[in-house]
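Undergrad: Submitted below is the structure of interest, expressed as structure tokens.
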Amino acid sequence: MQKERTTERKEAAASAKEKKIPVPARMTVDHGLRQLAFGDISDAVRLIFGPPGEPEELEKMNLFNISEIRRGKDGLVEIKLYDRMEAMRCLEERKANREEVLPLYQALQRSARFLPAEGAAEKGSDDGGKA
Numbered sequence: 001m002q003k004e005r006t007t008e009r010k011e012a013a014a015s016a017k018e019k020k021i022p023v024p025a026r027m028t029v030d031h032g033l034r035q036l037a038f039g040d041i042s043d044a045v046r047l048i049f050g051p052p053g054e055p056e057e058l059e060k061m062n063l064f065n066i067s068e069i070r071r072g073k074d075g076l077v078e079i080k081l082y083d084r085m086e087a088m089r090c091l092e093e094r095k096a097n098r099e100e101v102l103p104l105y106q107a108l109q110r111s112a113r114f115l116p117a118e119g120a121a122e123k124g125s126d127d128g129g130k131a
């Protein structure tokens, strides 16, 4: 039974990926910030200093950390990267905000444990108020 559920979950995840169902925004924002803060910039460096490449090569490059590309009148290429320190500050702020909300969430979970189960609440109402 457990293996069947695991297989179903994997199939559902693969299906969602194929259908391009969006991932929760919190996860994608955190992933993007981590990529900006800690991501590899070797493709950006290769773009500046390497020989001119074919368009197919450019499509394979990871240029996520580039915020701006300019070619001057003199033909020089200028590339600006996103600020890594700012991305790290944003990650830290988001983490702090989640930690502030966590105690409230945990308190709600503890309180929910004391609520009667759904089936038990319905059974209690079926007896016409008799105890």
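Okay, so the sequence shown: first residue is 1 according to full-length UniProt numbering, each after it adds one.
Beta carbons are placed, not taken as given, at the ideal position from N, Cα and C, and that holds for glycine.
In this text the structure is predicted, and so the values were computed from the model without any measurement.
#1: How many whole angstroms separate the CB atoms of L102 and A37, which I take to be in contact at a CB cut-off of 8 Å?
#2: With a 10 Å radius around its C-beta and 16 neighbouring C-beta atoms as the bar for buried, classify A107 as buried or exposed.
#3: So, are the CB atoms of K80 and E68 less than 8 Å apart?
#4: Name the DSSP bridge partner or partners of R71?
#5: Per DSSP, what kind of secondary structure is A131 in: helix, strand or coil?
#6: What separation, rounded to the nearest whole angstrom, lies between the Cα atoms of A96 and E56?
#7: On the premise that I48 lies in contact with V77, defined as a C-beta separation below 8 Å, what is that separation, rounded to the nearest angstrom?
#8: In chain order, what residues of the same chain lie with their CB nearer than 7 Å to the CB of D43, ignoring the 5 residues before and after it?
#9: Nearest to N65 by alpha carbon, out of R84, K73 and G53?
TA: Taking the definition as stated:
#1: L102 to A37, Cβ: 22 Å. No contact.
#2: It counts as exposed.
#3: Cβ distance < 8 Å, so K80 and E68 count as in contact.
#4: DSSP lists V77 as partners of R71.
#5: The predicted position of A131 is uncertain, since its pLDDT is 47 and thus under 50; no value can be drawn from it.
#6: If you take the alpha carbons of A96 and E56, they lie about 41 Å apart.
#7: Indeed they touch by this definition, with Cβ atoms about 6 Å apart.
#8: A distance below 7 Å between beta-carbons, with the five flanking residues on each side excluded, links D43 to the following residues of its chain, in chain order: M61, N62 and L63.
#9: The shortest Cα separation from N65 among R84, K73 and G53 belongs to R84.
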